[in-house]
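A quick write-up on the structure given underneath.
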Amino acid sequence: MSNSKIKILILDRFDQTEYLSLRSQNCYEIKMGKEKMTPEDYKSAQAIVIRSTTKITASFLEQCANLKLIISTTSGFDHIDLEACANKGIKAYFTPSANMAAASELCFTLISNLSKNFLASQKLIRSGSWKRELILGNELEGKKLGIVGFGRIGSRVNRIAKAFGMSTMAYDPYLDPENHKEEVELLGFEEILRSSDIITIHVPMTRYTKRMFRKNQFESMQEHALLINCSRGNVVSEEEMLTALDENKFKAAALDVFEREPVDPESRIANHPRILCSPHIGGATFESQAKAAKCARKILDAFFLENTLPQDGALPPKAAWFSEQII
Numbered sequence: 005m006s007n008s009k010i011k012i013l014i015l016d017r018f019d020q021t022e023y024l025s026l027r028s029q030n031c032y033e034i035k036m037g038k039e040k041m042t043p044e045d046y047k048s049a050q051a052i053v054i055r056s057t058t059k060i061t062a063s064f065l066e067q068c069a070n071l072k073l074i075i076s077t078t079s080g081f082d083h084i085d086l087e088a089c090a091n092k093g094i095k096a097y098f099t100p101s102a103n104m105a106a107a108s109e110l111c112f113t114l115i116s117n118l119s120k121n122f123l124a125s126q127k128l129i130r131s132g133s134w135k136r137e138l139i140l141g142n143e144l145e146g147k148k149l150g151i152v153g154f155g156r157i158g159s160r161v162n163r164i165a166k167a168f169g170m171s172t173m174a175y176d177p178y179l180d181p182e183n184h185k186e187e188v189e190l191l192g193f194e195e196i197l198r199s200s201d202i203i204t205i206h207v208p209m210t211r212y213t214k215r216m217f218r219k220n221q222f223e224s225m226q227e228h229a230l231l232i233n234c235s236r237g238n239v240v241s242e243e244e245m246l247t248a249l250d251e252n253k254f255k256a257a258a259l260d261v262f263e264r265e266p267v268d269p270e271s272r273i274a275n276h277p278r279i280l281c282s283p284h285i286g287g288a289t290f291e292s293q294a295k296a297a298k299c300a301r302k303i304l305d306a307f308f309l310e311n312t313l314p315q316d317g318a319l320p321p322k323a324a325w326f327s328e329q330i331i
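This is how it looks when you write it as structure tokens:
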């Protein structure tokens, strides 16, 4: 291959159609698969495309002498050291719109499963029993849904909830009430905890959202309340959540994300009778991964071929994110 080609490393899972589209462009030299990379590949790469399984740290960047661009085909960005990127003049992007449908649909899959006692129903069938009176569930219509974090996914969850006939409330300290057009009641965090039948979390991982759900928050919830976390595992203190469940501070939880991933199959979190778990599949659909890969290709083309810096998905230095503690 010609040395004039732009070298791109794709380290993690990537949609095959978009991969072939990139390969067809003669201006790019593409190498895919983390296990295939050599020190020379990292040294010569001008762009790296990742998912959240790859951690971008200052030490990682030391091997990337010619790196200009990092793209994470994810809606989260806490696996990227943004300050380290800024210090080296490396632009960082993510694809926050790609998994809106997938993540919001998963959220309601988990809500429906918990509300209808689906796991208990399955166990009942497998045990040969048909005692439906033992697994009565609850309807969603008329229930109060508290949405913590009202960005792209949180606002989409709100619209789905309206279709179920739910009453919705949201907490997001960074939302401008003057420019807010969604049909939702804006409340404080504590009021959301006290008032909601179901609480669903959709916040990014920052120093201010880390373990924002702890003992005091669980004690503020209603005893019949359900907790859904499809954001980041470290937003919830798992040990304190387990204690709260055992003490009946709230009814049940559904988690797609965890403090330690993958989850130990022998852990309490994986085996608790009132916790429904899924293995971080919020963005794990064919469609969302195709959308994310398409976004990545557009960013690559704009950056290298059009000499422009796209605004959507651009990540500033870490210090610029949530510089004031509001929570």
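Each number in this note's numbering corresponds to the 1-based position in the sequence shown with 4 added. Don't be surprised by glycine CBs; every beta carbon is placed ideally from N, CA and C. Only a predicted model underlies this, so the values are computations on that prediction, with no experimental measurement involved.
| message | To the nearest angstrom, how far is the alpha carbon of N1 from that of I151? | response | This structure leaves residue 1 out entirely; the chain is present only between 5 and 331.
| task | Hey, could you find the ends of the alpha helix (DSSP H) K127 is sitting in? | result | 122-130
| said: Using a 10 Å radius around the Cβ and a threshold of 16 neighbouring Cβ atoms, would you call L140 buried or exposed? | reply: exposed
| query | Who are the near neighbours of G81 in its chain, counting only those whose CB is closer than 6 Å to its CB and skipping five residues on each side? | reply | Correcting the residue type first, residue 81 is Phe in the shown sequence and not Gly. Only F98, L319 meet the Cβ criterion.
| Within the region 195-251, ranges of the alpha helix (DSSP H) (whole runs, at least 4 residues) | 219-224, 242-250
| Quick check: the region 107-124 against the region 67-74, are there 3 or more CB pairs under 8 Å? | no
| request: Taking only the alpha-carbon atoms, compute the straight-line gap between K127 and D316 and give it to the nearest angstrom. | output: 45 Å
| task | State the start and end residues of the unbroken alpha helix (DSSP H) segment that holds I303. | result | 290-304
| Nearest-angstrom Cα distance between T58 and I84? | 9 Å
| query | Around the Cβ of S63, are there at least 16 other Cβ atoms within 10 angstroms (buried) or fewer (exposed)? | reply | exposed
| request: In the DSSP assignment, find the unbroken beta strand (DSSP E) run with F98 in it and report its ends. | output: 95-98
| task | Using a threshold of 8 Å, state whether the C-beta atoms of D16 and K38 are closer than that. | result | yes
| task | Mind checking which residues open and close the alpha helix (DSSP H) that includes V161? | result | 156-167
| Less than 8 Å separating the beta-carbons of H206 and G155? | yes
| said: DSSP has E265 in a bridge; who is on the other side? | reply: The partner list for E265 (beta bridge, DSSP) is empty, contrary to what the question assumes.
| said: Given this structure, state the Cα-to-Cα distance separating A258 from Q29, to the nearest angstrom. | reply: 43 Å
| task | Taking only the alpha-carbon atoms, compute the straight-line gap between A294 and S25 and give it to the nearest angstrom. | result | 12 Å
| query | Quick one: is E87 buried, meaning 16 or more other Cβ sit within 10 Å of its Cβ, or exposed? | reply | exposed
| request: Return helix, strand or coil for M41, following the three-state DSSP convention. | output: coil
| To which residues does DSSP link G150 through a beta bridge? | M173, I203
| query | Out of curiosity, what's the CA-to-CA distance linking E251 and I60? | reply | 40 Å
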